[in-house]
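Peer 1: One structure coming up, written as structure tokens, with questions to follow.
Residue numbers (my numbering): 36 to 314.
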């Protein structure tokens with residue numbers, strides 16, 4: 036699972052997902068993103084402006100360190116990740132900037148909590164979704180459109196794409212049980228936890244790669260090389276998120292609580308703390 040933003044890379048789609056599931060529920064990639072990489076150009080020519088929410092000094096460090104990693108001049112992928120968090124002002128502000136990601140996490144968690152407590156029919160009824168005589172991808176597509184943001188901004192697009200990655204787990208659960216969506220009545224804590232892990236990990240990973248995608252495009256040897264290097268980063272972030280959530284215990288997170296956004300902020304900030312400090 037997960038997305039490679041550079042070169043419009045493959046989604047790593049599950050073979051159980053229909054070919055058009057992502058196409059129907061995901062923003063279209065940049066049509067020029069699959070072109071051959073251009074010769075390396077100076078940072079200030081490639082990215083003339085610093086994004087509004089990033090600190091210029093650390094944003095410059097992020098670009099330089101990512102370029103070195105992408106080109107193969109170093110195998111250290113943790114330094115660009117750390118600099119990226121610093122560019123947001125540190126772990127706390129990085130978490131604050133993840134407003135859409137955290138809101139979508141809360142919506143996803145509330146949906147999963149309802150599944151666990153009320154079952155699939157009652158839960159989908161509450162969202163105005165019918166599943167009788169409908170395909171799984173139609174039902175999940177409705178869910179995506181209700182719970183995930185429309186891709187009006189880069190942040191929205193990242194949150195929506197991460198939500199699609201999380202939906203793969205539900206799709207696989209259903210498909211592996213003969214397409215019977217009522218299997219979700221038996222959603223267990225392990226699956227619940229895995230879905231939240233996938234969402235948060237995918238969000239953090241994609242937010243980084245979206246910010247630095249030109250670094251990989253301009254400096255990596257090939258599209259395949261981009262995917263290899265991004266996969267290393269993704270697996271590292273997967274591990275950070277998994278360890279963080281395992282320590283907290285998803286069963287200890289009440290997604291129906293009035294303080295849920297504080298609980299989710301703690302998860303994000305804890306993940307960003309590890310990434311920022313891992314030098």
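Don't be surprised by glycine CBs; every beta carbon is placed ideally from N, CA and C.
CA-CA distance, residue 197 and residue 108?
Peer 2: Approximately 30 Å, taken between the alpha carbons.
Peer 1: For residue 277 versus residue 232, is the C-beta distance shorter than 8 Å?
Peer 2: Yes, the pair counts as a contact, with Cβ atoms nearer than the cut-off.
Peer 1: From residue 215 to residue 161, what distance separates their C-alpha atoms?
Peer 2: Straight-line Cα distance between these residues: approximately 20 Å.
Peer 1: Grab the span of the alpha helix (DSSP H) containing residue 191 for me, first residue to last.
Peer 2: Counting along the chain, the alpha helix (DSSP H) containing residue 191 begins and ends at 189–210.
Peer 1: Can you name, in chain order, every residue of its own chain whose Cβ lies under 7 Å from the Cβ of residue 250, other than the five neighbours on each side?
Peer 2: Result list for residue 250: 98, 101, 102, 105, in chain order.
Peer 1: Within 10 angstroms of the Cβ of residue 241, are there 16 or more other Cβ atoms? Answer buried if so, exposed if not.
Peer 2: Buried, by the Cβ-count rule.
Peer 1: By a C-beta neighbour count over all protein chains shown, 10 Å radius and 16 as the cutoff for buried, is residue 134 buried or exposed?
Peer 2: Under this definition residue 134 is an exposed residue.
Peer 1: Find the nearest neighbour of residue 247 within the set 264, 200, 180, judged by alpha-carbon distance.
Peer 2: The residue with the shortest Cα to Cα distance from residue 247 is 264.
Peer 1: Near residue 235, what residues of its chain come up, given a Cβ to Cβ distance below 6 Å and the 5 sequence neighbours on each side ignored?
Peer 2: Around residue 235: 276.
Peer 1: Below 8 Å between beta carbons: does that hold for residue 310 and residue 117?
Peer 2: Their beta carbons are under 8 Å apart, which means residue 310 touches residue 117 by this criterion.
Peer 1: Locate the alpha helix (DSSP H) running through residue 14, then write down its first and last residues.
Peer 2: Absent from the model: residue 14. The displayed extent of the chain is 36 to 314, so no value can be given.
Peer 1: When we look at the beta-carbon of residue 304 and count the other beta-carbons within 10 Å, is it buried (16 or more) or exposed?
Peer 2: It is buried - the Cβ of residue 304 has at least 16 other Cβ atoms within 10 Å.
Peer 1: Answer yes if the region 135–148 comes into contact with the region 173–184, meaning at least three C-beta pairs across the two stretches below 8 Å, and no otherwise.
Peer 2: Contact between the region 173–184 and the region 135–148 is present, because at least three Cβ pairs lie under 8 Å.
Peer 1: Terminal residues of the continuous alpha helix (DSSP H) containing residue 175?
Peer 2: Element bounds for residue 175: 171–182.
Peer 1: Can you look up residue 105 in the DSSP assignment and give me helix, strand or coil?
Peer 2: Three-state DSSP puts residue 105 in a helix.
Peer 1: If you run the structure through DSSP and keep just helix, strand and coil, what is residue 227?
Peer 2: The answer is helix: DSSP assigns residue 227 an H, G or I state.
Peer 1: Between residue 219 and residue 209, which are expected to be in contact by the criterion C-beta below 8 Å, what is the C-beta distance as a whole number of angstroms?
Peer 2: Contact holds; Cβ gap of about 7 Å.
Peer 1: What do you get for residue 392, buried or exposed, if any count of 16 or more other CB atoms within 10 angstroms of its CB means buried?
Peer 2: The question about residue 392 has no answer, for the chain in this structure spans 36 to 314.
Peer 1: Determine, using beta carbons only, whether residue 141 and residue 296 come nearer to each other than 8 Å.
Peer 2: A contact, by the Cβ cut-off of 8 Å.
Peer 1: Return the chain-ordered list of same chain residues with a C-beta closer than 6 Å to the C-beta of residue 129, the five sequence neighbours on each side being excluded.
Peer 2: Taken in chain order, the residues that qualify are 120, 123, 307.
Peer 1: Could you check whether residue 150 and residue 164 sit closer than 8 Å to each other, using their CB atoms as the reference points?
Peer 2: No. Outside cutoff.
Peer 1: Need the endpoints of the alpha helix (DSSP H) that residue 309 sits in, please.
Peer 2: That run of the alpha helix (DSSP H) goes 295–312.
Peer 1: Between the Cα of residue 202 and those of 225, 115, 172, spot the shortest distance and give me the residue it belongs to.
Peer 2: Nearest option by C-alpha distance: 172.
Peer 1: Quick check on the burial criterion: 16 or more other C-beta atoms within 10 angstroms. Buried or exposed for residue 252?
Peer 2: So residue 252 counts as buried.
Peer 1: Please report the residue range of the alpha helix (DSSP H) in which residue 110 lies.
Peer 2: Taken as a continuous stretch (DSSP letters only), residue 110 belongs to no alpha helix (DSSP H), as it is neither H nor E.
Peer 1: Helix, strand or coil for residue 327 per DSSP?
Peer 2: Nothing about residue 327 can be reported from this structure: the residues present for the chain run from 36 to 314 only.
Peer 1: Hey, quick one: how far does the alpha helix (DSSP H) through residue 141 stretch, first residue to last?
Peer 2: Note, residue 141: alpha helix (DSSP H), 134–153.
Peer 1: Considering only the alpha carbon of each residue, which of 257, 226, 262 lies closest to residue 280?
Peer 2: Selected option, being the one with the closest Cα: 226.
Peer 1: Would residue 312 be called buried (16 or more neighbouring beta carbons within 10 Å of its own) or exposed?
Peer 2: That one is exposed.
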